[in-house]
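Each remark here refers to the structure printed beneath this line.
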Amino acid sequence: MPRTPIGGRVGERLGSGTGSSLEFQDYRPYAPGDDLRHVDWAAYARSELLAVRLYREEVAPRIDLVLDISRSMAVTEQKLRAYGELSGLLACACTSTVADTRIITTSAVQPQPLHVPEDIERVLVCDAGLSALEEVHLPFRRRSLRVVVSDFLFPHDADVLVSRLARDSALLTIVQLTLREEAEPVVEGARRLVDVEDRGELDMVIDEGAIRDYRARFSRLRLGLSRAARRAGARFAHVVAGTPIRSVARELAAAGILESC
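Using our numbering, you'd call the opening residue of the sequence shown number 77 and step up by one each time.
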């Protein structure tokens with residue numbers, strides 16, 4: 077959850093506008109029709125000027141949790157397990173507040189409400205041919221807090237993608253989840269590579285040159301996302317599958333994605 081004020085329905089978080097919380101914000105001159113209970117009579121006794129106390133509004137944030145359920149998120153048992161643990165951690169964080177949270181996996185299906193952490197189990201099957209992030213329009217709510225989980229291993233322009241995800245949001249958070257071998261593969265010699273999403277095949281020799289080129293490309297991809305997030309005022313973290321969930325929680329806290337762990 078962000079520490080900065082955000083919008084939403086009436087709730088327990090402090091917003092950027094005025095409202096009826098207990099936290100005093102400012103004064104303004106009295107105007108006919110103002111609630112007399114908010115008049116500062118002590119100030120009137122001193123100055124003979126009527127002033128109204130203003131208080132911070134209280135809001136319940138809206139959270140749109142966007143999950144990539146394409147087949148690449150389940151390319152190995154380890155990655156699928158890490159996806160489940162990460163999604164569960166975020167679900168716990170969302171439901172620990174009064175936030176109105178929805179899960180978005182595609183524009184073709186209505187977002188699903190997230191009331192309790194166990195609701196996340198409905199979307200832990202990764203069998204889609206495409207990531208939701210490859211769709212042009214997703215059912216985001218205006219001024220929502222958006223949390224996006226994906227490996228981002230699909231063709232994209234980081235600036236265009238992040239800008240689209242951040243548009244009209246209160247805050248965008250991006251979590252990239254990959255296997256260690258997806259970020260840092262090793263020499264394996266001649267191999268046939270099969271795309272788990274479109275079933276395309278490629279025969280190639282995975283030698284030191286290929287590994288060097290691949291690692292450079294992956295580094296550019298991750299750095300591109302990080303820089304695009306920074307330019308959009310978003311938060312970014314890269315999680316490696318197999319990392320203990322407690323360590324993941326600490327990493328997300330350090331990135332400003334979770335308040336405390």
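Cβ coordinates follow ideal geometry from the N, Cα and C atoms, glycine included.
- Judged by DSSP in its simplified three-state form, Ala-313 adopts strand.
- Taking the Cβ atoms as the reference, Leu-200 lies roughly 5 Å from Gly-160, within the contact range of under 8 Å.
- In the DSSP assignment, no residue is bridged to Gln-186.
- Secondary structure at Ile-145: coil, using DSSP grouped into helix, strand and coil.
- Just measuring C-alpha positions, the residue of Ile-282, Val-223, Arg-291 and Arg-293 sitting nearest Ala-313 is Val-223.
- Note on geometry: alpha-carbon atoms of Leu-255 and Asp-279 lie some 21 Å from one another.
- Secondary structure note for Leu-297: its alpha helix (DSSP H) is the uninterrupted segment 284-307.
- When rounded, the separation of the alpha-carbon atoms in Arg-268 and Glu-277 is 7 Å.
- Leaving aside the five residues that flank Ile-139 on each side, the residues in its chain whose CB is nearer than 6 Å to its CB run, in chain order, Cys-170, Ala-175, Thr-177 and Leu-221.
- By the Cβ rule, the region 313-330 counts as touching the region 241-256, because three or more pairs are nearer than 8 Å.
- In terms of Cβ geometry, Glu-264 and Ile-250 do not form a close pair [threshold 8 Å].
- Here DSSP, grouped into helix, strand and coil, assigns Thr-171 to helix.
- Here the C-alpha atom of Val-212 lies approximately 9 Å from the C-alpha atom of Leu-237.
- Under the rule that a run must span 3 or more residues, the beta strand (DSSP E) segments found entirely inside the region 197-258 read 221-226 and 247-254.
- Contact between Ala-127 and Asp-116 holds: CB atoms are separated by about 5 Å, below the 8 Å threshold.
- In terms of Cβ geometry, Arg-219 and Ser-183 do not form a close pair [threshold 8 Å].
- With contacts defined by Cβ atoms closer than 8 Å, Ala-204 and Arg-147 form a contacting pair.
- Considering only Leu-165, Gly-164, Val-142 and Glu-194, the residue with the shortest C-alpha distance to Glu-210 is Val-142.
- Under the DSSP assignment, Ile-179 falls in the beta strand (DSSP E) whose first and last residues are 176-180.
- Here Ile-179 is near Gln-188, since their CB atoms are less than 8 Å apart.
- Comparing alpha carbon positions, the residue from Ala-118, Leu-125, Ala-121 and Ala-119 closest to Ala-107 is Leu-125.
- Beyond the five residues adjoining it in sequence on each side, Arg-198 comes within less than 7 Å, by CB distance, of Gln-188 in the same chain, given in chain order.
- When the five nearest sequence neighbours on each side are left out, the beta carbons in the same chain lying within less than 7 Å of the beta carbon of Cys-168 are those of Pro-193, in order along the chain.
- Annotation for Ser-239: Ala-308 place their beta carbon closer than 7 Å to its own, counting only its chain and skipping 5 residues before and after.
- Taking a C-beta distance under 8 Å as the contact criterion, Leu-248 and Ala-310 qualify as a contact pair.
- Listed in chain order, the non-local C-beta contacts of Leu-241 below 7 Å within the same chain comprise Arg-222, Val-224 and Leu-248, local neighbours out to five positions each way being set aside.
- Residue burial annotation: Ala-234 is buried, with at least 16 other C-beta atoms found within 10 angstroms of its C-beta.
- When DSSP states are grouped into helix, strand and coil, Asp-111 belongs to the coil group.
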